[in-house]
Amino acid sequence: MQAQWAWVPQKIERMLDAARGVALEPIRSELFGVARFEQHGRSLGESHRAGRASFGQATFYPRLQSNIRSLRAAYQYIAVEAHDGHDISPAAEWLFDNFHLIESQLREIREGLPARYYRSLPVLQDAPLVGLPRIYGVAWAFVAHTDSAFDETLLVHFLDAYQDARELSQGELWALPTTLRVVLVENLRRLADRIASHKAARDLASLCASRVDELSLDAVKEMHVLMEQRGVGDVFLSNLAQSLVGHATAAGDSPMAQVRQWLQGVVPDLAALQTQHHAAQAADHLSVGNAVTALRLIGAADWPGIVARTSRVVRVMLDSPVFEAEDDATRDTTLHGIERLSTQSGQGEAAVAQVLLGLMASATGPAELAGHWLRGEGRATLEQALGLKHRVAGLWRSVAGFSRTPTYLGAMLVGTLLLVAWLLHRPGWLDAGWPFQLGSVLVGLVVLLPASEAVVAVVNRLIGESLQPAHLPRLLLAEGIPPKARVMVVVPALLNHPAGIAQTVHRLHLHHLANPEAHAQFALLSDWSDADTEHRPEDQALLSHAQSHLTALNARYPVAPGSPPRFLLLHRERSPSATQGQWLGWERKRGKLEQLVAALATGSPGPFFELGELSRMAPHTRYLFTLDSDTQLPPGRLRTLVGVAEHPDNQPRLDASGRRVLQGYGILQPRVVLPLAGEGGRTAWQWLFDGQAGIDPYSAMSSDVYQDLFGEGSFTGKGLLHVATLHAVLGERLPTEQVLSHDLLEGALVRCAVVTDVTLIEPDPDHADAAASRGHRWARGDWQLLPFLLRSRQWPLGTINRWKLFDNLRRSLVAPACLLLIALAMAGLGLSLPAALALT
Numbered sequence: 001m002q003a004q005w006a007w008v009p010q011k012i013e014r015m016l017d018a019a020r021g022v023a024l025e026p027i028r029s030e031l032f033g034v035a036r037f038e039q040h041g042r043s044l045g046e047s048h049r050a051g052r053a054s055f056g057q058a059t060f061y062p063r064l065q066s067n068i069r070s071l072r073a074a075y076q077y078i079a080v081e082a083h084d085g086h087d088i089s090p091a092a093e094w095l096f097d098n099f100h101l102i103e104s105q106l107r108e109i110r111e112g113l114p115a116r117y118y119r120s121l122p123v124l125q126d127a128p129l130v131g132l133p134r135i136y137g138v139a140w141a142f143v144a145h146t147d148s149a150f151d152e153t154l155l156v157h158f159l160d161a162y163q164d165a166r167e168l169s170q171g172e173l174w175a176l177p178t179t180l181r182v183v184l185v186e187n188l189r190r191l192a193d194r195i196a197s198h199k200a201a202r203d204l205a206s207l208c209a210s211r212v213d214e215l216s217l218d219a220v221k222e223m224h225v226l227m228e229q230r231g232v233g234d235v236f237l238s239n240l241a242q243s244l245v246g247h248a249t250a251a252g253d254s255p256m257a258q259v260r261q262w263l264q265g266v267v268p269d270l271a272a273l274q275t276q277h278h279a280a281q282a283a284d285h286l287s288v289g290n291a292v293t294a295l296r297l298i299g300a301a302d303w304p305g306i307v308a309r310t311s312r313v314v315r316v317m318l319d320s321p322v323f324e325a326e327d328d329a330t331r332d333t334t335l336h337g338i339e340r341l342s343t344q345s346g347q348g349e350a351a352v353a354q355v356l357l358g359l360m361a362s363a364t365g366p367a368e369l370a371g372h373w374l375r376g377e378g379r380a381t382l383e384q385a386l387g388l389k390h391r392v393a394g395l396w397r398s399v400a401g402f403s404r405t406p407t408y409l410g411a412m413l414v415g416t417l418l419l420v421a422w423l424l425h426r427p428g429w430l431d432a433g434w435p436f437q438l439g440s441v442l443v444g445l446v447v448l449l450p451a452s453e454a455v456v457a458v459v460n461r462l463i464g465e466s467l468q469p470a471h472l473p474r475l476l477l478a479e480g481i482p483p484k485a486r487v488m489v490v491v492p493a494l495l496n497h498p499a500g501i502a503q504t505v506h507r508l509h510l511h512h513l514a515n516p517e518a519h520a521q522f523a524l525l526s527d528w529s530d531a532d533t534e535h536r537p538e539d540q541a542l543l544s545h546a547q548s549h550l551t552a553l554n555a556r557y558p559v560a561p562g563s564p565p566r567f568l569l570l571h572r573e574r575s576p577s578a579t580q581g582q583w584l585g586w587e588r589k590r591g592k593l594e595q596l597v598a599a600l601a602t603g604s605p606g607p608f609f610e611l612g613e614l615s616r617m618a619p620h621t622r623y624l625f626t627l628d629s630d631t632q633l634p635p636g637r638l639r640t641l642v643g644v645a646e647h648p649d650n651q652p653r654l655d656a657s658g659r660r661v662l663q664g665y666g667i668l669q670p671r672v673v674l675p676l677a678g679e680g681g682r683t684a685w686q687w688l689f690d691g692q693a694g695i696d697p698y699s700a701m702s703s704d705v706y707q708d709l710f711g712e713g714s715f716t717g718k719g720l721l722h723v724a725t726l727h728a729v730l731g732e733r734l735p736t737e738q739v740l741s742h743d744l745l746e747g748a749l750v751r752c753a754v755v756t757d758v759t760l761i762e763p764d765p766d767h768a769d770a771a772a773s774r775g776h777r778w779a780r781g782d783w784q785l786l787p788f789l790l791r792s793r794q795w796p797l798g799t800i801n802r803w804k805l806f807d808n809l810r811r812s813l814v815a816p817a818c819l820l821l822i823a824l825a826m827a828g829l830g831l832s833l834p835a836a837l838a839l840t
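Just so we're aligned, residue 1 is where the sequence shown starts under the UniProt record's numbering, counting upward by one.
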């Protein structure tokens, strides 16, 4: 405003500054019901012309930022008025009281608007929303015809009708929640700007009325022109006329009389104009309340369900029974694959899905699954069926599949040799005598082991940071584990003292409470402790103690008459061991599991004691979930893991001999994390050597190099075993009393998958003695596997699994090599002491 208006408060001047532009009308139109929304959806779909965004084309991000700035400026004006005790409208009160919610939604919008994602969406080619994503136009129409309210039923009908004329992509449907928020923010910006500018115009009119004797008619007209530029001219005139009603009648040539006479000409029906303004205020109040409530409801809505009900490609894919049974994340993997092919081929996603279903229906075996065509061997055939020519990406996938193993192993070999050469490089090495050269070679052999450890760690870290963690497909199992997927959870343990028995049974009880599945049994798989004789006096008392605890649990959790009990005690007699010179359970833990697998696979009682109901194993048990006595099984993990195992993609498929798994997995290994510190805190050893404790709530998955790169992980002794597969592949196959560390070997023979988004909790050793004892036991067991590493024909493990066995042997030698390297450095041989310490 000009200098003569210096008496106008600065806050009003800023709010009514013409540079802010005209206060826009709210996004508000005729309210629609279901029938009108369906009609409008079809007509809107027919009228929308959309295409790909051109490079460098402006996005709606600047528009959003402008809306946010204007919204905050209007709120600040309203907040100042409220804090100063001035009257504000009901709509302004809604904004003032709920702006904290709006601010939280603004943060969510910023986080949910990846620029790259929105640039990939089709954009409108016609006014008024030209250049904006098509889904923005859909959201705009919905907000306008619901007066900013959120009604899930109306939205579903609207989207269905729209797609009768124009199919929306999965990307557009998933962008809808955030886009609705963006449109609601724009509407709130318009409403807030309108509310604040109208309040400022009314306040300015009151000020003008109080100074009307000092203002000329020309000055008032000039003020009106400025208000018209802001879009609040009629509000200013209405309130000025109303404010002058109570003033005394002035002489005909006075400024007040001139202003009154002019107002009678420009506002002939003041009552009608005020009625119109009151109606607009009431409408704004309703719109603000609807918009604020809608922002909250959108965040709480079941968007996976909404997308599933409205997506045309999902409707097509639901003709596949496997797709129908899958969980949301697995479905999304399939849908993303279809989306990429749709983009590449220029065909709609539903059309691509129809071609995919046709190929699946004409195939048998693994080719009946979508993954075979989208990510597996059938990819080239699917691309050809869609009219895609042989592409460089397809050739690259083929080359990458064959070259992963040599590239991975070659990178570690070359990296190790280069690091050793760099550490030991000395000028004039070739001219030195043979004693020096021989000594350098010997030192190089010592350096090789710690250098390899550093290189392996770096290579694995780079791979882990570069690859997306593998997500194994899975079934939802919404109704629980089905009878055909019956599972037994077992805890192998020794019956050595009553307190230990009670603690192990308590742990078994906790497993059941966390995973109360109707078709799951929980068994204590027990032996007596090693002894010099077959029987010891306390044996029967210990067994009876375990029986009483488990019988009490079965009484506490009864089952239907005739059904097998919930809790079992599977106990074996001691056998003589030639290598140990004692009586012990045959092959210890491995033997227990092998004999239990055989009993479940054949339906025989096996070598376990007959203990009545406590030894009654459910027939047709398909899976065995083995846990250690100190392992915690968090809630829901059992069902999730069985859902992974039950997916046809993961079901093990054996070769003609029935002794080798070609595809799928015989073992599923969850990720094992450390527990949070208990009441006593963590020991000094745990503070030094333990990693992060607890389950990370912000990261469901983590990287496992072997699983992510080669599709096959390593078994560490706690996991879900496919009973029939383990019996077929491993039954009576491993030599007796020659395999101590059996987990890695078993996982290699039956194919193990690491499921990194399913976690178990287990503590590490709490002091050095326990850690050293465990490390010694592991190293001894690893070296026992050397014959399996050397006999490739008898044990077809594959290159990567042989590398895993070799890597364990290598790591068992790293610590002695580091100690020797430091000793040589202290003696002045090989590396300098700082370099040796840094490397080790």
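Ideal Cβ placement from N, Cα and C applies to all residues, glycine included.
Secondary structure at residue i, three-state DSSP: helix, strand or coil?
i	result
L584	strand
I78	helix
Q125	coil
D764	coil
M15	helix
T621	coil
H722	strand
Q794	coil
A50	strand
S615	helix
Y698	Note that Y698 has pLDDT 43, beneath the 50 cutoff, so the model's placement of it is unreliable and no number is given.
L430	Residue placement at L430 cannot be trusted, given a pLDDT of 49 that sits under 50; the coordinates are not used to answer.
Determine the extent of the beta strand (DSSP E) in which residue i is found, giving its start and end residues.
i	result
M360	Note, M360: premise wrong, no beta strand (DSSP E); alpha helix (DSSP H) at E349 to A361.
P670	I667 to V673
L578	Leu is not the amino acid found at residue 578; the sequence shown has Ala there. Here A578 belongs to no beta strand (DSSP E), and DSSP marks it neither H nor E.
Q521	A520 to W528
V267	That residue, V267, is in no beta strand (DSSP E); it is neither H nor E in DSSP.
Using CA atoms only, rank isn't needed, just tell me which of the options is closest to residue i.
i	options	result
F609	R622, A555 and S526	S526
H549	E573, L524 and A560	L524
T759	H776, A350 and P670	P670
S812	G775, L64, A514 and L839	G775
Q468	L494, P675 and D708	D708
D327	P675, E646 and D769	E646
H519	M488, L510, R507 and R340	M488
F710	L821, L237, E13 and T407	T407
R20	A385, A82 and R194	R194
A353	T333, W373, V313 and G346	V313
V672	T631, P635 and A748	T631
L106	A351, F236 and Y61	Y61
Mind checking whether residue i and residue j have CB atoms under 8 angstroms apart?
i	j	result
L413	G643	no
A175	P128	no
I306	L155	yes
A641	L720	In the sequence on display, residue 641 carries Leu and not Ala. Against a cut-off of 8 angstroms, the Cβ pair of L720 and L641 comes out as a contact.
Taking residue i as part of the alpha helix (DSSP H), name the residues at either end of that continuous run.
i	result
V314	R312 to M317
V803	Position check: residue 803 holds Trp in this sequence, whereas Val was assumed. W803 -> alpha helix (DSSP H) spans T799 to M826.
H545	D539 to R556
Q503	P498 to A514
P177	Q170 to S210
Any heavy atom of the ligand NAP within a distance shorter than 7 angstroms of the CB on residue i?
i	result
L159	Among the components modelled here there is no ligand, and therefore nothing to report on the ligand NAP.
Item to check | Three or more C-beta pairs below 8 angstroms linking the segment 649 to 659 and the segment 713 to 720 | outcome: no
Checklist entry - Is it true that the segment 612 to 627 meets the segment 719 to 728, where meeting means three or more beta-carbon pairs spaced less than 8 angstroms apart? => result yes
Next on the checklist: I want to know whether the segment 61 to 81 touches the segment 178 to 196 - three or more CB-CB distances under 8 angstroms.
Outcome noted: Counting Cβ pairs under 8 angstroms, three or more are found: they touch.
Next on the checklist: Three or more C-beta pairs under 8 angstroms: does that hold for the segment 33 to 47 against the segment 207 to 220?
Outcome noted: no
Next on the checklist: Measuring CB atoms only, is the segment 255 to 269 touching the segment 214 to 222, in the sense that at least three cross pairs come out at less than 8 angstroms?
Outcome noted: yes
Item to check | Three-pair Cβ contact test at 8 angstroms for the segment 726 to 742 versus the segment 572 to 592 | outcome: Output reads yes: the segment 572 to 592 touches the segment 726 to 742.
Checklist entry - Between the segment 137 to 148 and the segment 84 to 102, do at least 3 Cβ pairs fall closer than 8 angstroms? => result No, they do not touch.
Checklist entry - Looking at C-beta atoms only, is the number of pairs between the segment 549 to 560 and the segment 497 to 513 that lie closer than 8 angstroms three or more? => result yes
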